[in-house]
Amino acid sequence: MEQPWTHRQRPERLERRIEFADYDQTRLFLDRLGELSEREGRYPDISFGRTYVNLTVRPEAEEGTVGPPEESFAETIDGLL
Numbered sequence: 053m054e055q056p057w058t059h060r061q062r063p064e065r066l067e068r069r070i071e072f073a074d075y076d077q078t079r080l081f082l083d084r085l086g087e088l089s090e091r092e093g094r095y096p097d098i099s100f101g102r103t104y105v106n107l108t109v110r111p112e113a114e115e116g117t118v119g120p121p122e123e124s125f126a127e128t129i130d131g132l133l
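The following block contains the structure:
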């Protein structure tokens, strides 16, 4: 079961871990995410292993709050799955 985005505080951000069956699926998702980031001009923090990706979406403004732009970007990322 996929975990939803978690809204964290101090600093405000959205986080999500996505599990994949194998490296090929992980790589495909990362390639799609790279294309999306280039189009949107937004770049989440990413850490990954062979079968997982951890994502953090931060507010565009430093010391800002998570709002509709971040939630929309997170939903768009979900659409890549």
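Take any residue in the sequence shown, count from 1 to its spot, add 52: that is its number in our numbering. Beta carbons are placed, not taken as given, at the ideal position from N, Cα and C, and that holds for glycine.
Nearest neighbour of T108 by Cα position, chosen from D130, Q77, E87 and Y75, turns out to be D130.
Beta-bridge analysis with DSSP links Y104 to E71 and G101. With 16 or more other Cβ atoms inside 10 Å of its own Cβ, P96 counts as buried. DSSP, read as helix, strand or coil, puts R79 in helix. When E92, R79, E90 and L66 are compared, the shortest CA-CA separation from G101 is found for R79.
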